[in-house]
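Q: Provided herewith is a single structure, encoded as C-alpha cells, for subsequent inquiry.
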Amino acid sequence: MSKQTICSHLSAITELRVAKEYVCEECIKTGASWVHLRTCQTCGTTLCCDSSPNKHATKHFHASNHPVVASAEPGERWLWCYADEQMVGY
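Using this note's numbering, the first residue of the sequence shown is number 10, and each one after it goes up by one.
Following this line, the structure appears as C-alpha cells:
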C-alpha cells in the first residue's frame, strides 16, 4: 500500500499558527455567530468554518489565496489545504 503524498502547501508548514482569541475575527465585528473556528497558517487570522452562516475562512482563502488552515477547536489537531482539498493530522 502506498503512503499518501502530502501536498506542498501542507508539507511547507513548519510552525503552527494558533488562534489569538477564540472568536471569528469577522463575525465579532457584526455580532454574527459561528460554529467552529479555523486559523489561517499564512497570516494567523482566525475565522469561521463552512458550517457557520458566513463561512469566513473559505471566503478568506478565495480572497487571499492563503491555502492552509488549522482547526482552532480545542482538542482538534488537523490542517486543511483548500487548494488541494487535503487534510492531515498533527
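Built from N, CA and C at the ideal position, the CB exists for glycine as well.
The structure displayed is predicted, hence computed values, not measured ones.
#1: Would DSSP call residue 39 helix, strand or coil?
#2: Is the beta carbon of residue 55 sitting closer than 9 angstroms to the one on residue 81?
#3: Residue 20 lies in the beta strand (DSSP E); which residues open and close that run?
#4: Just mark residue 77 as buried or exposed, buried being the case when its beta carbon has 16 or more other beta carbons within 10 Å.
#5: Which of helix, strand or coil does DSSP assign to residue 60?
#6: So, with DSSP's three-state summary, where would you put residue 92?
#7: Just mark residue 79 as buried or exposed, buried being the case when its beta carbon has 16 or more other beta carbons within 10 Å.
#8: In chain order, what residues of the same chain have a beta carbon less than 8 angstroms from the beta carbon of residue 42, not counting five sequence neighbours either side?
A: Put simply:
#1: Numbered from its first residue, the sequence shown carries residue 39 at position 30. Three-state result, residue 39: helix.
#2: Locating residue 55 in the sequence shown gives position 46, where the first residue counts as 1. Locating residue 81 in the sequence shown gives position 72, where the first residue counts as 1. It is a contact, given that the beta carbons lie within the stated cut-off.
#3: As a first step, residue 20 is located in the sequence shown; it is residue number 11 there, counting from the start. Residue 20 -> not in any beta strand (DSSP E); alpha helix (DSSP H) instead, spanning 17–20.
#4: Indexing the sequence shown from 1 puts residue 77 at position 68. Looking at its Cβ environment, which holds 16 or more other Cβ atoms inside 10 Å, residue 77 is buried.
#5: As a working mapping, residue 60 is identified with position 51 in the sequence shown. It is coil, neither helix nor strand.
#6: What you label residue 92 is simply residue 83 of the sequence shown in a count that begins at 1. Correct three-state label for residue 92: coil.
#7: On the sequence shown, residue 79 is found 70 positions in, with the first residue counted as 1. Label assigned to residue 79: buried.
#8: Start at 1 with the first residue of the sequence shown, and residue 42 comes out as number 33. Only 36, 61, 62 meet the Cβ criterion.
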